[in-house]
Amino acid sequence: KLENSMAQNMLGLIASDKKDYKTAFGWYTKAVETNKKNIAALYKLGDCYQRGEGVIRDIGKAKEYYTKAAELGDSDSQNKLGDMAYSKKNYREAERLYKKAIETNEKNADALFKLGRCYYISYDEKTAKKYLLKAIELGKTDAAPFLGWIYFNEGNYVESLGYFRDGARNNDPGSVFML
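Numbered per the working numbering, the sequence shown finishes at 1472, counting up by one with no gaps.
In structure tokens:
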């Protein structure tokens, strides 16, 4: 009988890689039953519920598992909760959650990008640029075209061109069009 929560989670990951989501869900569930503080398994259960992989899709349950992992200090779960708030157009809550994800892990490039996007929506372009640049420095290629659009809309076409080139190198259709 396997009672090691980390091993159970790993078996879930292996099953998921093989697209056997029902088995993966079972292993993630066992991992959390074995150790209620297994952040990786809590996060993966959130993913299973959010995507409907191995279980009926249930956004409420997804949020529940992401929240448990976020409360244990998981930056990726904090980021997922930010995404959920953003999708409901609750930008202030999304901003708060992305900030929390960055406080937990200052190298969370996805949260930096999304926080920059929130600042842009709230018309704080200076702060938006700061976070987008940090995301780009950490390898978040999606941020380059977004930053290019900000510069383009400001009328700074020379600056925007560099970011659109970066986007085009990463096959961003909007960047290719702008070039």
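The beta-carbon is built from N, C-alpha and C at its ideal position, and this holds for glycine as well.
{"Check": "Tyr1412 - containing alpha helix (DSSP H), residue span", "Outcome": "Ala1402 to Ile1414"}
{"Check": "Given Asp1367 as reference, the closest of Glu1386, Leu1390, Ile1352 and Arg1350 once Cα atoms are compared", "Outcome": "Leu1390"}
{"Check": "Alpha-carbon spacing of Asn1463 relative to Thr1327, whole angstroms", "Outcome": "42 Å"}
{"Check": "DSSP state of Gly1460 mapped onto helix, strand, coil", "Outcome": "helix"}
{"Check": "Beta carbon of Leu1426 nearer than 8 Å to that of Phe1406", "Outcome": "no"}
{"Check": "As assigned by DSSP and simplified to three states, the class of Asp1369", "Outcome": "helix"}
{"Check": "Residue from Ala1333, Asn1383 and Gly1347 with nearest C-alpha to Asp1313", "Outcome": "Gly1347"}
{"Check": "Buried or exposed (CB count within 10 angstroms, at least 16 for buried), Ile1307", "Outcome": "exposed"}
{"Check": "Ile1443 versus Ser1380 - alpha carbon distance", "Outcome": "21 Å"}
{"Check": "Reduced DSSP secondary structure (H/G/I, E/B, other) of Leu1349", "Outcome": "Before going on, a small fix: residue 1349 reads as Ile here, not Leu. Reduced to three states, the DSSP call for Ile1349 is coil."}
{"Check": "Same chain, Cβ closer than 6 Å to Ser1298, neighbours up to 5 away in sequence not counted", "Outcome": "Ala1324, Thr1327, Asn1328 and Asn1331"}
{"Check": "Where Arg1344 falls, given that 16 or more other Cβ within 10 Å makes a residue buried", "Outcome": "exposed"}
{"Check": "Short Cβ contact (8 Å threshold) for Phe1439 with Arg1410", "Outcome": "yes"}
{"Check": "Terminal residues of the alpha helix (DSSP H) in which Glu1399 lies", "Outcome": "It is not in any alpha helix (DSSP H) - Glu1399 carries neither H nor E in the DSSP assignment."}
{"Check": "For Asp1313, the three-state DSSP class (helix, strand or coil)", "Outcome": "coil"}
{"Check": "Short Cβ contact (8 Å threshold) for Gln1371 with Lys1393", "Outcome": "yes"}
{"Check": "Coil, strand or helix - Gly1375 by DSSP", "Outcome": "helix"}
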